[in-house]
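Asks:
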């Protein structure tokens with residue numbers, strides 16, 4: 031069973047965390063600090079599996095040159111090569127390659143949704159990244175392995191959000207006209 035999912039950049043700034051086991055806030059901070067130092071300092075040719083504190087941490091670092099989607103191209107010139115490290119902590123008896131495939135699956139879905147996922151996509155659209163993660167994993171177990179199904183569910187959720195926004199704007203207009 032997966033214990034946590036953590037995404038951070040090269041400087042160790044956390045961009046997304048999801049905890050599937052209870053950790054106290056101090057313990058979470060300690061885990062984030064230790065893991066970011068451990069994973070970022072590892073060389074690119076070392077394996078993606080680390081035994082750490084009785085857990086197995088499976089990570090994958092993604093370097094991107096054309097780093098951001100078109101919405102953030104003005105910021106992209108500031109970032110030549112960036113790193114996003116996807117970390118999953120799991121139990122010792124879990125299959126490392128299966129967990130590594132889950133990381134790859136999550137990244138492929140993020141890439142499909144955002145174009146080419148970048149750190150700024152995760153910062154400004156964190157709620158969508160969490161929604162995608164929740165569609166893939168529930169309670170630390172893989173829920174959906176089909177990319178098409180996840181893409182369809184995300185599109186349905188986006189259309190619901192747009193419908194609610196349109197409804198809110200029409201209600202706001204009606205209230206504004208009634209108060210004039």
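In our numbering, the protein residues as written are 31 to 210.
Beta carbons: idealized from backbone N, C-alpha and C, even for Gly.
1. Which residue marks the beginning of the alpha helix (DSSP H) containing residue 47, and which one marks its end?
2. Using three-state DSSP, classify residue 161 as helix, strand or coil.
3. Using the Cα positions of residue 80 and residue 140, report the straight-line distance between them to the nearest angstrom.
4. Helix, strand or coil, according to DSSP, for residue 176 in the structure here?
5. Could you check whether residue 180 and residue 165 sit closer than 7 Å to each other, using their CB atoms as the reference points?
6. Bridge partners of residue 117, per DSSP?
7. Output yes if chain C places a C-beta closer than 7 Å to the C-beta of residue 179; else output no.
8. Could you please give the first and the last residue of the uninterrupted alpha helix (DSSP H) stretch that includes residue 124?
9. In the DSSP assignment, find the unbroken beta strand (DSSP E) run with residue 80 in it and report its ends.
10. Per DSSP, residue 167 is paired with what?
11. Is it buried or exposed for residue 119, if we count other Cβ within 10 angstroms and need 16 for buried?
12. Put residue 73 into one of helix, strand or coil per three-state DSSP.
13. Which class does residue 194 belong to by DSSP, given the choice of helix, strand or coil?
14. Taking the straight line between their C-alpha atoms, what separation do you get for residue 167 and residue 203?
15. Would you call the CB atoms of residue 45 and residue 152 closer than 7 Å?
16. Helix, strand or coil for residue 54 per DSSP?
17. According to DSSP, is residue 106 helix, strand or coil?
18. Which whole-angstrom value describes the C-beta separation of residue 90 and residue 133, a residue pair presumed to lie in contact below a C-beta threshold of 8 Å?
19. Please state whether DSSP places residue 226 in a helix, a strand or coil.
Replies: With the structure as the only source:
1. Where residue 47 is concerned, there is no enclosing alpha helix (DSSP H), although the beta strand (DSSP E) it sits in stretches over 44-49.
2. helix
3. 24 Å
4. coil
5. yes
6. 36 and 89
7. Absent here is chain C; the protein component of the structure consists of one chain.
8. Premise fails: residue 124 is in no alpha helix (DSSP H) and is neither H nor E.
9. 79-82
10. 172
11. buried
12. coil
13. helix
14. 40 Å
15. yes
16. coil
17. Caution applies to residue 106, whose pLDDT of 44 falls short of 50 and renders its modelled position unreliable; the value that the coordinates give is listed next. Residue state, collapsed to three classes: helix.
18. 5 Å
19. Examination of residue 226 is not possible in this model, given that the chain is present from 31 through 210 alone.
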